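Numbering (my numbering), first residue to last: 3 to 108.
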Amino acid sequence: MLLADQQTGITQAAGYVVAAAVIDLNEVMLMLTVLPIPTLVAPPEQLGQYLACYTLACGSGHVIAPTMASFLIDPLLPSLFAGGAVVSGVVVVRRARQLLDDLQRN
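Here is the structure:
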């Protein structure tokens, strides 16, 4: 990424594409190697708890990481994400109530 920042034009764009590809490849390889660890380590009676904690940690990371990265891009961006989440939540709740009312009528 730092090398791409020092370039201009097509070289810079190619650098960003290569950096994104390396990061994505790293994430895929990490998921393939880290995913079985809770299954191997957990005692059979606590497997569900181990997997729940692992899923919570991974899910939180996938939610928090883009928000933290967006602070580096533009401090206003997380506010827009939060606003969009609130608006979509309101829309989903209203739509769910509509669907429930429609189901109860039938």
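Positions of the beta carbon are idealized from the N, C-alpha and C atoms, including for glycine.
Quick caveat, the model's predicted, so the values are computed rather than measured.
Measuring straight from C-alpha to C-alpha, what distance separates D26 and R97?
Rounded to the nearest angstrom, the two C-alpha atoms are 35 Å apart.
Quick one: Cα of I75 to Cα of T69, how far?
Taking the straight line joining both Cα atoms gives about 10 Å.
Would Y52 and P40 be called neighbours here (beta carbons separated by less than 8 Å)?
Going by C-beta atoms, Y52 is nearer than 8 Å to P40.
Could you give the distance in angstroms between the alpha-carbon of A22 and the alpha-carbon of A54?
If you take the alpha carbons of A22 and A54, they lie about 29 Å apart.
Can you find the residues in the same chain that come closer than 8 Å, C-beta to C-beta, to F73, ignoring five residues on each side of it along the sequence?
Counting only Cβ-Cβ distances below 8 Å, and skipping sequence neighbours, we find L79 and P80.
Using the Cα positions of F83 and A71, report the straight-line distance between them to the nearest angstrom.
When rounded, the distance between both Cα atoms is 12 Å.
Note down the Cα distance separating N28 from I66, rounded to an integer number of angstroms.
Their backbone Cα atoms lie some 19 Å apart in a straight line.
Quick one: what does DSSP say T41 is sitting in, helix, strand or coil?
Here T41 sits in helix by DSSP.
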